[in-house]
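Chemist:
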Amino acid sequence: MASGLGAEELRELYERFAPVVHRRALALLGRDADAWDIVQEVFERMLTAGARFRREARPMTYVYRVTTNLCLNALRSRQLREPVLLEAPEAAALTPGQWEAADFIRHLVGRMGERELEVATLHFFDGLTQEEIAGMLDVSRKTIVRDLDSIRKKAAELGRLPDALEAERG
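All you need for this note's numbering is the position in the sequence shown, starting with 1, plus 5.
1. Under 8 Å by Cβ, that's how I've got Tyr69 and Phe48 pegged, so tell me the actual separation to the nearest angstrom.
2. Please check the pair Leu122 and Ile110, which I expect to be a contact at CB under 8 Å, by giving their CB distance rounded to whole angstroms.
3. Throw me the rounded Cβ distance for the Arg81 and Val124 pair, which I believe falls under 8 Å.
4. Where does Arg81 fall in DSSP's three states?
5. Can the beta-carbon of Arg86 be found less than 8 Å from the beta-carbon of Leu163?
6. Can you tell me whether Val71 is buried or exposed? The criterion is at least 16 other CB atoms within 10 Å of its CB, across all chains shown.
7. Any chance the stretch 40–54 sits against the stretch 15–31, with 3 or more Cβ pairs inside 8 Å?
8. Which stretch, first to last residue, makes up the alpha helix (DSSP H) that contains Met141?
9. Using only the alpha-carbon positions, how far apart do Ala38 and Glu105 sit?
10. Less than 8 Å separating the beta-carbons of Leu10 and Cys76?
11. Quick one: what does DSSP say Val114 is sitting in, helix, strand or coil?
12. In whole angstroms, what is the alpha-carbon distance linking Ala93 and Val25?
13. Please report how far the alpha carbon of Ile43 lies from the alpha carbon of Val144, in whole angstroms.
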């Protein structure tokens, strides 16, 4: 494990990022136990990806991306096992807009590709701009514009346009 993270480095990263990962996972998944599972998995990935993690220009970008992808995977898995219900007591910290965006994203799981789900999460749930998303995903802004157009079309076909999308349509 020469390229992995050392115990002290991992402890410092945990203290710095675990609360952020937990908040994000709880907001997307709606369940505290599931959120802590994601925290553990994110740090397992950091531990095994040591050198790749260290090369990240912004560690928060790595953490955010891995957390988002793990949450989307968990939602896909959950959709296969059980109906998607958000447990209100655990998700009470969400704003009405975040609640709607999280519900929208959970509804899209299984109906859109991985990148579209990631773009939808970053845009509608996190409120990131097209430029910010492009930088985070290392693609062009035009690619993000196309992805958002595709998401809007699919959402409209499903009859699932949240207020934020309706407002964007103009």
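Note that the Cβ used here is the ideal one computed from N, Cα and C, for glycine as well.
Modeler: Here's the rundown:
1. Taking the first residue of the sequence shown as 1, we reach residue 69 at position 64. Taking the first residue of the sequence shown as 1, we reach residue 48 at position 43. With a Cβ gap of about 14 Å, Tyr69 and Phe48 do not count as contacting.
2. As a working note, residue 122 is residue 117 in the sequence shown. As a working note, residue 110 is residue 105 in the sequence shown. About 7 Å; that satisfies the 8 Å criterion.
3. Along the sequence shown, one-based indexing puts residue 81 at 76. Along the sequence shown, one-based indexing puts residue 124 at 119. Between Val124 and Arg81 the Cβ distance is about 16 Å, and since that is not below 8 Å, they are no contact.
4. For the purposes of this step, residue 81 is taken as the residue at position 76 of the sequence shown. In this structure, Arg81 counts as helix in the three-state DSSP scheme.
5. Residue mapping note: residue 86 aligns to position 81 of the sequence shown, counting from 1. Residue mapping note: residue 163 aligns to position 158 of the sequence shown, counting from 1. Not in contact: Arg86 and Leu163 (Cβ atoms no closer than 8 Å).
6. Here residue 71 is taken as the residue at index 66 of the sequence shown, counted from 1. So Val71 ends up on the buried side.
7. yes
8. By 1-based counting over the sequence shown, the position of residue 141 is 136. Taken as a continuous stretch (DSSP letters only), the alpha helix (DSSP H) holding Met141 covers 135–142.
9. By 1-based counting over the sequence shown, the position of residue 38 is 33. By 1-based counting over the sequence shown, the position of residue 105 is 100. Going from the Cα of Ala38 to the Cα of Glu105 covers about 22 Å.
10. On the sequence shown, residue 10 is found 5 positions in, with the first residue counted as 1. On the sequence shown, residue 76 is found 71 positions in, with the first residue counted as 1. No.
11. Stepping through the sequence shown from its first residue, residue 114 is reached at position 109. Coil, per DSSP.
12. Numbered from 1 along the sequence shown, position 88 holds the residue referred to as residue 93. Numbered from 1 along the sequence shown, position 20 holds the residue referred to as residue 25. Because Ala93 carries a pLDDT of 47, less than 50, the predicted location of this residue cannot be relied on, and no value is offered for it.
13. Within the sequence shown, residue 43 is the residue found at index 38, counting from 1. Within the sequence shown, residue 144 is the residue found at index 139, counting from 1. Cα to Cα, the separation comes out at about 26 Å.
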